[in-house]
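Report on the following structure.
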Amino acid sequence: MADNQGQQVTTVSQAVSVLAQGVVVAQKRGAYNLDEAALLSQAMKLIVPPAEPEPTQEVEEEKSE
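For the sequence shown, our numbering assigns the number 510 to the initial residue and increments by one for each residue that follows.
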């Protein structure tokens, strides 16, 4: 979220992504108290899909058997 010159938000998906990034940046800068951060965390979990865990070597070995 550093330099945004020339960038435009044209879809709802992009808008949600930009807002989510803004929440993360503000949290890193200490913009929210604990209760606000908790509420925003709940909201973020609803709109941002969780990252898929990378397969471990054990899972890969089980698939090859």
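C-beta: ideal position from N, C-alpha, C; glycine also.
Annotated three-state conformation of residue 540 is coil, per DSSP.
Closest in C-alpha terms to residue 535, from the list 525, 563 and 546, comes 546. Look at residue 518 here: in three-state DSSP terms it is coil, with no helix or strand label. The straight-line gap separating the alpha-carbon atoms of residue 527 and residue 552 is approximately 14 Å.
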